[in-house]
Structure formats: C-alpha cells, structure tokens
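Step one of this worksheet: look at the structure below.
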Amino acid sequence: MDATLAEILASAWALLVRAAADPRHPCRVVQLATAGRDGAPHLRSVVLRDVDPAARVLRLHTDRRSAKVTEIAAEPRVALLAWDPRARLQLRVGGRAEVLTHGPAWQAAWEATPVGSRGDYAQLDPPGTPATAPLDAPRHPEPERNFAVILLTVDRLDWLRLAPGAHRRAGFVWSGDLPRATWLVP
Numbered sequence: 091m092d093a094t095l096a097e098i099l100a101s102a103w104a105l106l107v108r109a110a111a112d113p114r115h116p117c118r119v120v121q122l123a124t125a126g127r128d129g130a131p132h133l134r135s136v137v138l139r140d141v142d143p144a145a146r147v148l149r150l151h152t153d154r155r156s157a158k159v160t161e162i163a164a165e166p167r168v169a170l171l172a173w174d175p176r177a178r179l180q181l182r183v184g185g186r187a188e189v190l191t192h193g194p195a196w197q198a199a200w201e202a203t204p205v206g207s208r209g210d211y212a213q214l215d216p217p218g219t220p221a222t223a224p225l226d227a228p229r230h231p232e233p234e235r236n237f238a239v240i241l242l243t244v245d246r247l248d249w250l251r252l253a254p255g256a257h258r259r260a261g262f263v264w265s266g267d268l269p270r271a272t273w274l275v276p
C-alpha cells in the first residue's frame, strides 16, 4: 500500500535526522548548490550536521573564507541533494541559507565539533588557495576563527523513490507553517 503524502514528508524528515546523527548514513554527505559570482551553479559535498524538522532547518559547517559563504551572502537561495542508494531515494531540498560566524548557535556548533575535525578549519590560507604540496600549509593556532555554520531553512522538498516500474514522487512547498503537498509525475 502506498504511503500518504503526510507519511512521506515525515519519513523524509526522519531520514535527514538519522543521516545527521549517523556518520555512516549514506545521506550524511549531501551536495549543496549555490549560485556562483559568475552566475553559474556551484556544487560541492558537505556534511549534514543537524536537522530540526519543526523549524525546517538543516545545519552544515564550512570555512568562513570559502567561496560558498560569499555566494550565499550574494544569493541566499540554495539547493541540497541527498541520495540513499539502499532505499533508492532522492531528496531535493531548497531554501534560504544563512551563515553564522559568531553567537550562541555558532558557539554551540563549534563546541560540538570533534577535536579531530577542528583541524579542518586550521589552514592559514582560504580553501582553494594554490599550494606547493598537499597539506604543507602552515596551521592557524585558532581554527575557530575560520569556522562558520550554514543554516538552511527549507521551503521546498522533492521526494523521489525509484522502484522498477513503480517510481513515486511527491513535492512539498511551504509558504507558511504548513506545506502544500502534491504528487508529482516521476
């Protein structure tokens, strides 16, 4: 029996919550698209760190000097793609992103970042800077200065399950607290 639209939406949020909590979940690493300064789409993989279904907010981390931070400042509308190969399920999420570089939410995210991962923000030079060899750049003594949080407030979600001869697709769009839900042709 097919699930209802409400059940599908609940399962999509549950999948994202599980992915953020489980480092081995296939949807833990998602693809984030921004509009580049050149007008072209820019796509990269990021780690899903936290999900708040009630607020419709996804949390990601990045280096505050990365191109995506500048791109979000210029155009906060972004898209995110998650793919679970075991379930043959694709989630496309769109919304508005906000970058935090200080404040209580930023501080809590930094404190929750494992010590081993904090080194990811310790490079003196910004991401993408040419280097003479891998990982030979000097390290910043205060990596938290380079740490940023991206909060993505979801305003649309496209759910697609691939099943031989029985693909199913549903769309959800928020313009207030409740989504407009509809079946879509896969």
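Remember, the working numbering sits 90 above the position in the sequence shown when you count from 1. C-beta: ideal position from N, C-alpha, C; glycine also.
For residue i, the three-state DSSP class (helix, strand or coil)
i      : result
Arg134 : strand
Arg118 : coil
Ala96  : helix
Val107 : helix
Ala164 : helix
Neighbourhood of residue i by C-beta distance below 7 Å, restricted to the same chain and skipping five residues each side
i      : result
Pro233 : Arg208, Gly209, Tyr211, Ala212
Own chain partners of residue i with C-beta closer than 6 Å, once the 5 adjacent residues on each side are dropped
i      : result
Leu95  : Ala260, Ala271
Ala172 : Cys117, Val120, Leu181
Leu138 : Ala109, Ala110, Arg118, Val120
Alpha-carbon to alpha-carbon, residue j and residue i
i      : j      : result
Val141 : Asp153 : 20 Å
Arg149 : Leu242 : 6 Å
Asp92  : Leu179 : 15 Å
Leu250 : His257 : 7 Å
Gly129 : Thr191 : 25 Å
Ala104 : Ala202 : 21 Å
Pair within 7 Å by beta-carbon distance, residue i and residue j
i      : j      : result
Ala199 : Val136 : no
Gly185 : Val244 : yes
Pro216 : Arg155 : yes
Val183 : Leu247 : yes
Leu122 : Leu170 : yes
Leu252 : His230 : no
Cβ-based neighbour list, residue i, same chain, cut-off 8 Å, excluding 5 preceding and 5 following
i      : result
Asp112 : Arg118
Glu165 : Thr124, Ala125
Ile83  : With the chain covering 91 to 276 only, the question about residue 83 has no answer from this structure.
Arg114 : none
Any chance you could list the alpha helix (DSSP H) runs of at least 4 consecutive residues sitting entirely within the region 178 to 257, in chain order?
Those alpha helix (DSSP H) runs which fall completely within the region 178 to 257 and span 4+ residues are 194 to 202, 205 to 208.
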